[in-house]
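Taken in order, the sequence shown gives residues 499 to 1023; the numbers are from our numbering.
No residue lacks a Cβ here, since even glycine has one placed at the ideal position from N, Cα and C.
These figures come from a predicted structure and were not determined experimentally.
In what follows, a single structure is set out as structure tokens and then discussed.
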Amino acid sequence: MHGTEKAIHHPASDGHFCTCALPPTKYMAPLPYFSPKILSEPQSGPVGMVLEGSSEALCPPPSLELRPSCNKTQPSPPLGCSSQPHDGVFSEDKEPVKYGELIVLGHNGSLSNGDKGRRRSRLALYKRPKANGVKPDVIHNVSTPLVSKALSNKSQHSISYTLSRSHSVIVEYTHDTNTDMFQIGRSTESMIDFVVTDTAGSGSGQGGGDGAAGEGGNGGQSAQSTISRYACRIMCERSAPYTARIYAAGFDSSKNIFLGERAAKWRTSDGLMDGLTTNGVLVMHPAGEFVSEPSPGVWREISVCGNVFALRETRSAQQRGKLVRKVENESNTLQDGSLIDLCGATLLWRTPAGLRHTPTLKQLESLRQELNAARPQCPVGFNTLAFPSLAQREIVDKKQPWVYMNCGHVHGYHNWGYRKEKGPAGPGGTAPASTGERECPMCRRVGPYVPLWLGCEGGLYLDAGPPTHAFCPCGHVCSEKTVMGWSQIPLPHGTHAFHAACPFCGTWLTGEQGHVKLIFQGPVD
């Protein structure tokens, strides 16, 4: 045996231990730098966990070593300690290594109540001062009633698979000096680096449109949230090219992951374990370069061990999808433009290279000032229009430009032209409800009439081009390439539906293209 095995022993009622054996085999883990082995040497004594009703056809050895050697005297550094802040960890170097950034769709630059600590709309992942990654180490077969005792070691990360009332499998994890781990979920406990709450798409698309649900009361969490408290974890290699990989489920405060009897789980062909979370973690990689050739890929589900599967029939079905053969674009490796759906919120992964093509907040402000410097005018009232400041995203300004969505003609606000039921309106203050449609006085086309808002989240842009187009029907303005790219991407909704949506507010896109080119009228002088 390589290394010193750390096993917990509990004698069975009959005093026997499970001693079934398997031939030596390789563990094909999703981590390329990890090449573990199954312990196949005969044991001289009772070194494994107790397994009731075991047989050679059913279970592997009571303890399987998943790597050639390990130093188990060094416990994993705790998550959430003061030396590892959650807002992105900076080393002592002048230029810290950034792995990438996670951006929650539907939040136009910040949460409605503001970004606070780990609860925010965007999080940068930096190289930690000390590695806190983990990797599989040893498998134990144990009687289910003894699982709680087997998991009593608070310094040991582990995953527990409950196969039946009498049979469970525990996979112990050991410290990995080559990776950093970041955990994402709804829980506000300290081990979660990025706290994510449900994002509800805005029906009208008015105002800032970040569409956050359940941010007041109950610690900022929705009472009926479908996001897991410990949704997923991202492992980043600490050496170039700093590859980031995603895995379903995160470790709780006891450093454990529990997959109950009803969760989708299975024994792999090599005798190891894998499983899916209740509502699943879906990932879609772009088919091409996200910034140069934006086109959607295929939505897949990621397992607890990082394997890739076709989608289940419904989001929480117990029957897993078909295993996807590992190819270049079908893996758990994140790339620029990868989307991560947690059943209630969708996250976008941007790499440092990809972010260099996006506008900064300063550049967005310059674009806003350039638009206003052109002095666009209402073609009917001849009053000068102006986009409000980026910080003003909830109150409609008197000078704010409005657009007829079916044609793109930009006007100032006016309270006439209704073709259907009328809705309350006013020249300022809170935006009127979008009930009924208006007739454009320029081309007589009838359609929605909404205020225009600049997209404030630069990470959602595909380039730094001029803001010439708007999403339909919400009116968020950005570059042509950005609207073209996002209008092609189907985002998960509910248990099995997909629909393109505005990335700035989450509103479902309407119309033939989901966006419109804006037609401004310059000053008459």
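Query raised in the report: Which same chain residues, not among the five before or five after Arg810, have their C-beta less than 6 Å away from its C-beta?
Result: Annotation for Arg810: Gly819 place their beta carbon closer than 6 Å to its own, counting only its chain and skipping 5 residues before and after.
Query raised in the report: Does the distance from the C-beta atom of Val694 to that of Leu840 stay below 8 Å?
Result: Contact flag set, yes.
Query raised in the report: Comparing the C-beta of Asn651 with each C-beta of chain C, is any distance below 8 Å?
Result: Of the protein chains in the structure, only one exists, and it is not chain C.
Query raised in the report: Are the beta-carbon atoms of Cys803 and Asp772 separated by less than 8 Å?
Result: Yes. Within cutoff.
Report task. Note down, in chain order, each residue of its chain lying with its Cβ closer than 6 Å to the Cβ of His912, except the 5 sequence neighbours on either side. Result -> Leaving aside the five residues that flank His912 on each side, none in its chain has a CB nearer than 6 Å to its CB.
Report task. In the DSSP assignment, find the unbroken beta strand (DSSP E) run with Trp900 in it and report its ends. Result -> Residues 900–902.
Query - Contacting residues, own chain, Cβ-Cβ under 7 Å from Gln861 (five flanking each side not counted) - result: For Gln861, where only same-chain residues beyond five positions count, the Cβ hits under 7 Å are Ala962.
Report task. Starting from the C-beta of Pro792, find all residues in its chain whose C-beta is less than 6 Å away, skip the five residues before and the five after it, and write them out in chain order. Result -> For Pro792, where only same-chain residues beyond five positions count, the Cβ hits under 6 Å are Leu960, Gly983.
Query raised in the report: By the 10 Å Cβ neighbour count, where 16 or more other Cβ atoms means buried, how is Glu590 classified, buried or exposed?
Result: Unreliable positioning characterises Glu590 in this predicted model, as indicated by a pLDDT of 47, which lies under 50. A coordinate reading is not provided.
Report task. Can you tell me which of the three DSSP states Met982 falls into? Result -> In the structure shown, Met982 sits in a helix (DSSP, three-state: H, G or I).
Query raised in the report: Is DSSP giving Val595 helix, strand or coil here?
Result: DSSP places Val595 outside both helix and strand once states are collapsed to three, so it counts as coil.
Report task. Let me know if Ser723 comes out buried or exposed under the rule of 16 or more other beta-carbons within 10 Å of its beta-carbon. Result -> Ser723 should be labelled buried.
**Report entry** Euclidean distance between Cα positions of Ser932 and Pro971
**Finding:** Bear in mind that the predicted position of Ser932 carries a pLDDT of just 46, short of 50, making it too unreliable to give a figure here.
Query raised in the report: Which residue's Cα is closest to the Cα of Pro946: Leu989, Thr1008, Cys1003, His655?
Result: Checked all of Leu989, Thr1008, Cys1003, His655; the closest Cα to Pro946 is Thr1008.
Query - Rounded C-alpha distance that separates Gln582 from Pro627 - result: Low confidence applies to Gln582: its pLDDT is 39, below 50, so where it sits in the model is not reliable enough to give any reading.
Query raised in the report: Excluding sequence positions up to five away, which residues of its chain have a Cβ less than 7 Å from the Cβ of Thr856?
Result: The answer, listed in chain order, is Gly956, Gly957, Tyr959, Ala962.
**Report entry** Given 8 Å, three or more beta-carbon pairs between the segment 683–693 and the segment 777–784
**Finding:** At 8 Å Cβ cutoff, the stretches do not touch.
Query - Inter-residue Cα distance where the pair is Asp585 and Gly795 - result: Because Asp585 carries a pLDDT of 42, less than 50, the predicted location of this residue cannot be relied on, and no value is offered for it.
Report task. Use the C-beta contact count for Cys1000: other C-beta atoms within 10 angstroms, 16 or more gives buried, fewer gives exposed. Result -> The residue is buried, with at least 16 neighbouring Cβ atoms inside 10 Å.
**Report entry** Runs of beta strand (DSSP E) wholly within the segment 646–705 (minimum 3 residues, chain order)
**Finding:** Entirely contained in the segment 646–705, the beta strand (DSSP E) runs reaching 3 residues are, in chain order, 656–660, 666–674, 677–683.
Query raised in the report: Terminal residues of the continuous beta strand (DSSP E) containing Asn777?
Result: Asn777: not part of any beta strand (DSSP E); DSSP gives it neither H nor E.
Query raised in the report: Which word fits Lys896, buried or exposed, when buried means at least 16 other C-beta atoms lie within 10 angstroms of its C-beta?
Result: Result: exposed.
Report task. My understanding is that Gly953 touches Phe880, with C-beta atoms under 8 Å, so please give their C-beta distance in whole angstroms. Result -> Not a contact, Cβ separation roughly 28 Å.
Query raised in the report: Out of curiosity, what's the CA-to-CA distance linking Lys625 and Gly1020?
Result: Cα atoms of Lys625 and Gly1020: separation of roughly 49 Å, rounded to the nearest angstrom.
Query raised in the report: Out of curiosity, what's the CA-to-CA distance linking Ser864 and Lys633?
Result: Rounded to the nearest angstrom, the two C-alpha atoms are 46 Å apart.
**Report entry** Beta-carbon proximity check, Glu759 vs Val779, cutoff 8 Å
**Finding:** Val779 sits away from Glu759, with the two beta carbons spaced by 8 Å or more.
Query raised in the report: Tell me, which residues are paired with His605 by DSSP?
Result: Paired residues: none, contrary to the question.
Query raised in the report: For Gln833, is the classification buried or exposed, using 16 other Cβ atoms within 10 angstroms of its Cβ as the cut-off for buried?
Result: By the beta-carbon neighbour count (other beta carbons within 10 angstroms, threshold 16), Gln833 is buried.
Query raised in the report: Smallest Cα separation from Leu600: which of Gly631, Val1014, Leu623, Gly615?
Result: The option with the nearest alpha carbon to Leu600 is Leu623.
Report task. Name the residue from Glu670, Tyr745, Ile838, Thr660 whose alpha carbon lies nearest to the alpha carbon of Asn651. Result -> Comparing Cα positions, the closest option is Glu670.
Query raised in the report: Residue range of the beta strand (DSSP E) that Ser836 falls in?
Result: Ser836 -> beta strand (DSSP E) spans 836–839.
Requested in this report: Excluding the 5 residues preceding and the 5 following Asn777 in the sequence, name in chain order all residues of the same chain whose CB lies nearer than 6 Å to its CB.
Outcome: The residues are Thr724, Arg813, Ser814, Cys841.
**Report entry** Whether Ser751 touches Met689 by CB criterion (8 Å)
**Finding:** Yes; because the gap between Cβ atoms is below 8 Å, this pair is in contact.
Query raised in the report: Pick from Gln867, Val981, Ala808, Thr660: whose alpha carbon is nearest that of Trp764?
Result: Per the Cα distances, Thr660.
Query raised in the report: What separation, rounded to the nearest whole angstrom, lies between the Cα atoms of Asn639 and Phe756?
Result: Spanning the two alpha carbons is a distance of roughly 15 Å.
Query raised in the report: Hey, Gly906 and Ile1017 are a contact pair by Cβ (cut 8 Å); roughly how many whole angstroms apart?
Result: So it is a contact: roughly 5 Å between Cβ atoms.
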